[in-house]
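Asker:
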DNA sequence: GTCTATAAAGAGATAGAC
DNA sequence: GTCTATCTCTTTATAGAC
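Protein chains in written order, with this note's numbering: chain A, 1315 to 1498; chain B, 1315 to 1498.
#1: Can you tell me whether DSSP reads residue 1379 of chain B as helix, strand or coil?
#2: For residue 1432 of chain B, does the three-state DSSP call read helix, strand or coil?
#3: Identify each residue in the region 1385 to 1404 of chain A for which the Cβ-Cβ distance to at least one residue of chain B is less than 7 angstroms, and report them in chain order.
#4: Assign residue 1390 of chain A to buried or exposed, taking buried as 16 or more other Cβ atoms, counted over all protein chains shown, within 10 Å of its Cβ.
#5: Between residue 1340 of chain A and residue 1418 of chain B, what straight-line distance do the alpha-carbon atoms span, to the nearest angstrom?
#6: Compare the C-alpha of residue 1429 of chain B against each of A:1407, A:1440, A:1467, A:1441 and name the closest.
#7: Please classify residue 1322 of chain A: is it buried, with 16 or more other beta-carbons within 10 angstroms of its beta-carbon, or exposed?
#8: In the structure shown, what three-state DSSP assignment does residue 1450 of chain B receive?
#9: For residue 1329 of chain A, I'd like the list of residues in its chain whose CB is within less than 8 angstroms of its CB, leaving aside the five on either flank, ordered along the chain.
#10: Taking only three categories from DSSP, how would you classify residue 1498 of chain B?
#11: Please classify residue 1435 of chain A as buried or exposed, where buried requires at least 16 other C-beta atoms within 10 Å of its C-beta.
#12: Going by the beta-carbon positions, is the gap between residue 1450 of chain B and residue 1485 of chain A smaller than 8 angstroms?
#13: Any residues in the region 1354 to 1376 of chain B with a beta carbon nearer than 8 angstroms to a beta carbon of chain A? Which ones, in chain order?
#14: If we define contact as Cβ-Cβ less than 8 angstroms, is residue 1406 of chain A a contact residue for chain B?
#15: Give the residues of chain A in contact with residue 1445 of chain B, contact being defined as C-beta atoms less than 7 angstroms apart.
#16: With a cut-off of 8 angstroms on the beta carbons, I'd call residue 1423 of chain B and residue 1345 of chain A a contact; round off their distance for me.
#17: By how many angstroms is the C-alpha of residue 1491 of chain B removed from the C-alpha of residue 1342 of chain A?
#18: Using a Cβ cut-off of 7 angstroms, pull out every chain A residue sitting near residue 1422 of chain B, in sequence order please.
#19: Give me, in chain order, the residues of the same chain whose beta-carbon lies closer than 8 angstroms to that of residue 1363 of chain A; leave out the 5 immediate sequence neighbours on both sides.
#20: Using a Cβ-Cβ distance cut-off of 8 angstroms, determine whether residue 1480 of chain A contacts chain B.
#21: So the alpha helix (DSSP H) residue 1473 of chain B belongs to, where does it begin and stop?
#22: Got a sec: is the Cβ-Cβ distance from residue 1330 of chain B to anything in chain A below 8 angstroms?
#23: Pick out whichever of A:1370, A:1462, A:1384, A:1433 has its Cα sitting closest to the Cα of residue 1453 of chain B.
#24: For residue 1337 of chain A, return the contacting residues in chain B, with the cut-off set at a CB-CB distance below 7 angstroms.
#25: Report all residues from its chain with a CB closer than 6 angstroms to the CB of residue 1409 of chain A; omit the five preceding and five following residues, and keep chain order.
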């Protein structure tokens, strides 16, 4: 004998979630259908509803990403870590993150999720910085990383796609340093 | 007597376009219906189709924005002009631009429009800069402005909404200067 | 020229058979 | 437990009346 019912169900759920992430990441919330998700996962559309209650609920579970790494640091080290994060984002976002980003401007649950996710990042960076405007600086840094990621991964701007990670690092580093270090 | 038929038609078209811009800007392409546009413009839904052929064509015309101001400059002045542009964006985007931005991650025509619009901006900044990587720098500057605009206007990140234009200027300026001036 | 009425298609969701 | 069949709703788009 092979798998318990619970185990089979768990596997089906995972396949559905994985298919949902890929399709939501590619097409966004509105243009992704339950039928397409079911087709890709190799299950019946009704089963998707049975497991996840609604399309919106499926989406909400699909965009739950693993939380960002923890730990504070002084500005110089912080910049290096941000560049590392950015490099990772530019070489390929996890489907869950891409799905959230893709729909964050048109679906209110995705907007809320993006706001919360960026909020956490801002808090983390903000508390590592000195000064009264630390949260504003942190928000600007986060927005900058967001913009570069969108330009590279979603809009696919030619100059960004043609550049190597090292080139981007070299040009962005002084930019982030200027924002994080200056105490003027 | 008052208005010629052509004049009446022109005015109806303008009202429809204006309503379309507002609704597309607010809800994005997929969640905006012809019916809602017609309702806001005070005309019959069938008339909208009669004038614009399809929803996508209405959208394409609605997001046509006035082109950006021309003229090159040296880096220092360029930064000031970019800050001015950014300040304008943060105090309120024109509906046409907002409509384009809102849907640029989920509608392929909007993606193409955004890519073209940013491409023009990148060319303009790029030709004003010296050096081999001028286009990459220009693309990064444009992406940064995009990210801050999205964070402020669409995601409504608290730290950005609470900051004054002057604070943002002061923090972003060295960041842009570092990106545009460094010739290392 | 403008609107009424409707066609045609596709979606999410559900009830019940197996 | 899973899937077949269908319901119901909403949409874009169109044909034809006024």
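Backbone N, C-alpha and C define an ideal beta-carbon position, used for all residues, glycine too.
Please read these numbers as outputs of a predicted model, since none were measured by experiment.
Answerer: Per the coordinate set shown:
#1: Note: residue 1379 of chain B maps to coil in three-state DSSP.
#2: The answer is helix: DSSP assigns residue 1432 of chain B an H, G or I state.
#3: Correct list: empty, as no residue qualifies.
#4: By the neighbour-count rule (16 or more Cβ atoms within 10 Å), residue 1390 of chain A is not buried but exposed.
#5: If I take the Cα positions, the gap works out to 13 angstroms.
#6: If you compare the alpha carbons of A:1407, A:1440, A:1467, A:1441 with that of residue 1429 of chain B, the shortest gap goes to A:1467.
#7: Around the CB of residue 1322 of chain A, fewer than 16 other CB atoms lie within 10 Å, so the residue is classed as exposed.
#8: In the structure shown, residue 1450 of chain B sits in a helix (DSSP, three-state: H, G or I).
#9: Once the five neighbours on either side are set aside, the close Cβ partners of residue 1329 of chain A are 1355, 1356, 1357.
#10: In this predicted model, residue 1498 of chain B has a pLDDT of only 49, less than 50, meaning its place in the structure is not dependable enough to derive any value.
#11: Result: buried.
#12: Taking 8 angstroms as the cut-off, the Cβ atoms of residue 1450 of chain B and residue 1485 of chain A count as close.
#13: Taking 8 angstroms as the cut-off between beta carbons, none of the residues of the region 1354 to 1376 of chain B comes near chain A.
#14: No, residue 1406 of chain A does not count as interfacial toward chain B.
#15: Chain A residues near residue 1445 of chain B: none, gap ~11 angstroms exceeds 7 angstroms.
#16: In this structure, residue 1423 of chain B and residue 1345 of chain A do not form a Cβ contact; the two beta carbons are roughly 13 angstroms apart against a cut-off of 8 angstroms.
#17: Answer to the nearest angstrom: the Cα atoms are 36 angstroms apart.
#18: Simply none; closest approach about 10 angstroms.
#19: Only 1348 meet the Cβ criterion.
#20: Chain B, which has no Cβ nearer than 8 angstroms to the Cβ of residue 1480 of chain A, makes this no.
#21: From DSSP, the alpha helix (DSSP H) with residue 1473 of chain B extends over 1472 to 1476.
#22: Closer than 8 angstroms to the CB of residue 1330 of chain B there is not a single CB belonging to chain A.
#23: Ranking A:1370, A:1462, A:1384, A:1433 by Cα distance to residue 1453 of chain B puts A:1462 first.
#24: Here the premise fails: no neighbours, minimum Cβ distance about 13 angstroms.
#25: Result list for residue 1409 of chain A: 1335, 1336, 1339, in chain order.
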